[in-house]
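Just so you know, the sequences run in chain order V and E.
One rule links them: number in my numbering = place in the first sequence (from 1) + 22.
One rule links them: number in my numbering = place in the second sequence (from 1) + 29.
Some notes on the structure that comes next.
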Amino acid sequence: MESVTEKFFFRRFLYHINGKQIFIINLLILSILFCSSIAISYGSFGIPVIGLILGKTSEIQNIVFFEIRIPRVILSCIVGASLGISGASLQGLFRNPLADPGLIGVSAGAALGATTVIVIGSTFFPNLVLSNFLLPMAAIIGASAVIFMLYLLTKGFGYQGVTYMLLVGIAVNAIAGVAIGILTYISSDEELRSLTFWTMGSFGGVTWPLLIPAIVIILISIACLIPAARQLDLLQLGESEAYRLGIDVQKLKYRVIFASAATVGASVSLSGMIGFVGLIVPHLTRLIGGVNHNFLLPGSALLGASLMIVADLLARTLLQPAEIPVGLITSALGSPFFLWLIFRMNKY
Amino acid sequence: MSIKAESISITLGQRQILDNVSIEIPEGQIIGIVGPNGAGKSTLLNILSGDLESSSGSVFYDGKLLDEISIQQRAFTRSVMAQIQPLVFDFSVKEIIEMGWLLKGATQLMAEFDHAVKEISVACDVDSILERKFNKLSGGEQRRVHFARTLLQLWRPSESVRPRYLLLDEPTANLDLSFEVLLMNILRNRASKNYGILVILHDLNIAAKFCDKTAVLKNGKLLCFGCPKEVLTESLLSEVYGLPIKIDNHSNIITYY
């Protein structure tokens, strides 16, 4: 019996979530389908969904639908999912409710990586810059560098407390801000145009060749994070306790760091910096369904995707025909929530 | 079958925490460790559990060197209850206890799992607070929940032949008298099921009453190790704690002034 049970130990990642949580997950999947169908049909260029199904749309409507609208909705969906799940994983890993890829500087690191490639890369490798992998890779390297720096500065995470990590995040954001500023200053007009969107975030201008590598990277990272759910649960008892329960904590850290960096890097390389989603989404998910990571990780990915599709829909329809950067919308919604979170923490 | 530590020494910074300590935890026995604060009791437990590496000496689990046993395999062999950090997120008591279940996800065992959680919660008297949030509990209740989790970690669907060990660092801290006795009785019951148990205690009466053997540590040195009646003598205890201590041999009650 013993050998049989020990075999199960390695299969313990199978889902174990309660009925209510399964119901919420299903509801979130439905909400993604619902939001995307609305987001696909609304916009500055109306596309009747029924007409599409019946094949009664004009050629220009078809082109807008397949080449602009669909990639854009898919991008907002995967970026939302990626920010949601990386926020949830980082909060679990750091055991810190305020860990958000934006606040602690990971997104800024990714943006710096991408900016560097756009400005400096175009001088040295003019043909490589627009290659579909170089930009995401640079962003991922930037994001990883920041997480490793945080790791070193907080002495292996967690020991220095919530405030310390946020202060480090402010410093990292400032450093990246300065570097991006310098790069902006020395950039040409054409480079400047592509740079502007990093700082505010937008889903505009995405094409299939750019989108597909990012989808692959993000899906692989999500597939890598979700099985770590139970290990992240056990980590909440403290590192030594997780170790005593059979978790290789060091391995878990590297896994979560790399997967989060990859998913945030790939998102930022396509959409720029979109703040507060990684912070709010996991908290909302905990509020509606519970704190265990088996539910929290997929739940945050799904909720993040829905919210981001809606945010992008608002961004491009509120002030038609002009478009508001989606990062402004998420920050406008997210910053009051952040304040509420801080006040709530103060009560304990 | 036992957990065995041979000539353990460890120096942290300039300070020698443990000096040539050898101890054995055989199956079916409760080994108590007593000694003043800073004697090195918790450090010894951390070395036995594999959390800390000693500067010299070795630890064996059932004759196998601890370093050669994987982290997962260790979790199956021994369960540790130590001082615990506060939780950041609002887990329920049930979720915390279930964290001890190493076989999570083995759907074939779900019925066994519910049975095990129920049995252990009732034994530790936490069955009435399973749905409450862990962070809202009192210190004593939190210890009981962690104790239940520690027991669940060693629970098996059938009584297997493999030995299992419990390493407990002051499990009775913050517990009232009745729960202290309840916990020690659970330990006695587990010892009768062939668990090997190491427990750090401050209450000398509890140590004298419940332990099969007692080790006395002071300043990192193992002063003596043996049956409580032989080890816990007036002269030794008075020397260790620097207090006049009297033992009433008829009722085996230790009194300190």
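Here a beta-carbon is modelled for each residue, glycine too, at the ideal position from N, C-alpha and C.
Can a CB atom of chain V be found closer than 7 Å to the CB of residue i?
i        : result
E:Leu116 : yes
E:Leu124 : In the sequence as displayed, the identity of residue 124 of chain E is Glu instead of Leu. Chain V, which has a Cβ nearer than 7 Å to the Cβ of E:Glu124, makes this yes.
E:Ile37  : no
E:Phe163 : no
E:Val109 : yes
E:Ala104 : yes
E:Asp48  : no
E:Ala34  : no
E:Ile276 : no
E:Asp205 : no
E:Phe239 : no
E:Asp80  : yes
E:Ile54  : no
Look at residue i and residue j and say whether their C-beta atoms are less than 7 Å apart.
i        : j        : result
E:Ala236 : E:Val63  : yes
V:Ala327 : V:Ala103 : yes
E:Pro65  : E:Tyr270 : yes
V:Ser111 : V:Val278 : yes
E:Phe163 : E:Phe118 : no
E:Phe89  : E:Lys147 : no
V:Leu156 : V:Ser291 : no
V:Val95  : V:Ser224 : no
Please work out which residues of its chain come closer than 8 Å, Cβ to Cβ, to residue i, disregarding the five sequence neighbours upstream and downstream, and give them in chain order.
i        : result
E:Ile46  : Ile39, Thr40, Gly69, Thr72, Gly249
E:Leu204 : Gly169, Arg172, Arg173, Leu212
V:Arg308 : Leu318
With distances taken from CA atoms, which of the options is nearest residue i?
i        : options                                : result
V:Leu233 : V:Phe67, V:Ser289, V:Gly135            : V:Ser289
E:Cys256 : E:Ser267, E:Phe239, E:Tyr270, E:Ser264 : E:Phe239
E:Val228 : E:Arg107, E:Val155, E:Tyr90, E:Glu170  : E:Arg107
E:Ala152 : E:Leu94, E:Glu209, E:Lys162            : E:Glu209
V:Glu89  : V:Thr229, V:Glu263, V:Cys246, V:Gly260 : V:Thr229
V:Leu52  : V:Leu329, V:Ala354, V:Val278           : V:Leu329
E:Gly79  : E:Gln101, E:Gln171, E:Asn218, E:Ala244 : E:Gln101
V:Leu115 : V:Gln342, V:Arg266, V:Ala323, V:Asp255 : V:Asp255
E:Val245 : E:Gly61, E:Ser36, E:Glu53              : E:Gly61
V:Val313 : E:Asp232, E:Leu74, E:Ile125, E:Glu170  : E:Ile125
V:Ile197 : V:Ser98, V:Ile85, V:Ala132             : V:Ala132
V:Leu189 : V:Tyr173, V:Ala160, V:Ile126           : V:Ile126
E:Arg103 : V:Arg266, V:Val348, V:Ala354, V:Ile248 : V:Arg266
E:Leu233 : E:Ile52, E:Ile276, E:Asp96             : E:Ile276
V:Met187 : V:Ile202, V:Phe170, V:Leu292           : V:Phe170
V:Arg91  : V:Ile60, V:Gln253, V:Ile208            : V:Ile60
V:Ile240 : V:Ile54, V:Met295, V:Ala323            : V:Ala323
V:Leu55  : V:Glu345, V:Thr79, V:Cys99, V:Gly77    : V:Cys99
V:Arg117 : V:Thr176, V:Ile82, V:Ile163            : V:Thr176
V:Pro93  : V:Thr339, V:Ile237, V:Leu340           : V:Ile237
Spatial neighbours of residue i within its chain, please: CB distance less than 7 Å, with the 5 preceding and 5 following residues excluded, ordered by chain position.
i        : result
V:Ile310 : Ile46
V:Ser108 : Pro123, Ser282, Thr285, Val286, Gly300
V:Phe360 : Phe298, Leu301
E:Val50  : Ala34, Ile37, Leu73, Leu251
E:Leu77  : Ile32, Ala34, Val88, Leu196, Leu227
For residue i, would you say it is in contact with chain E, using Cβ-to-Cβ distances shorter than 7 Å as the test?
i        : result
V:Asp122 : no
V:Gln272 : no
V:Leu267 : yes
V:Val313 : yes
V:Ser108 : no
V:Arg366 : no
V:Phe31  : Residue placement at V:Phe31 is poorly supported in this model, since its pLDDT is 45, which falls under 50; the coordinates still yield a value, given next. Taking Cβ atoms only, chain E reaches closer than 7 Å to V:Phe31, which makes this a yes.
V:Leu157 : no
V:Arg117 : yes
V:Gly260 : yes
V:Ser353 : no
Going along the chain, which residues of its own chain have a beta-carbon closer than 6 Å to the beta-carbon of residue i, five neighbours each way excluded?
i        : result
V:Phe317 : Ile39, Gln43, Gly311
V:Leu205 : Thr137, Val141
E:Ala111 : Asp198
E:Ile274 : Glu263, Leu266, Ser267, Tyr285
E:Leu81  : Asn75
E:Glu297 : What is shown of chain E runs 30 to 286, which leaves residue 297 of chain E out entirely.
V:Leu355 : none
E:Val122 : Ile158, Leu159, Arg161, Phe163, Val174
V:Cys57  : Ser328, Ile331, Val332
*Would you be able to state if there are at least three C-beta pairs under 8 Å between the region 124 to 132 of chain E and the region 300 to 307 of chain V?*
Because the criterion of three Cβ pairs below 8 Å is not met, the region 300 to 307 of chain V and the region 124 to 132 of chain E do not touch.
_the region 271 to 288 of chain V in contact with the region 208 to 217 of chain V per 3-pair CB rule at 8 Å_ = By the C-beta criterion, the region 271 to 288 of chain V is judged not to be in contact with the region 208 to 217 of chain V, since fewer than 3 inter-stretch pairs fall below 8 Å.
*Any contact of the region 331 to 347 of chain V with the region 113 to 129 of chain V, i.e. 3+ C-beta pairs under 8 Å?*
Taking a contact to require three or more Cβ pairs closer than 8 Å, the region 331 to 347 of chain V and the region 113 to 129 of chain V do not qualify as touching.
_For the pair the region 259 to 266 of chain V and the region 109 to 127 of chain E, tell me if three or more CB-CB distances fall below 8 Å._
Under the Cβ criterion (8 Å, minimum of three pairs), the region 259 to 266 of chain V counts as touching the region 109 to 127 of chain E.
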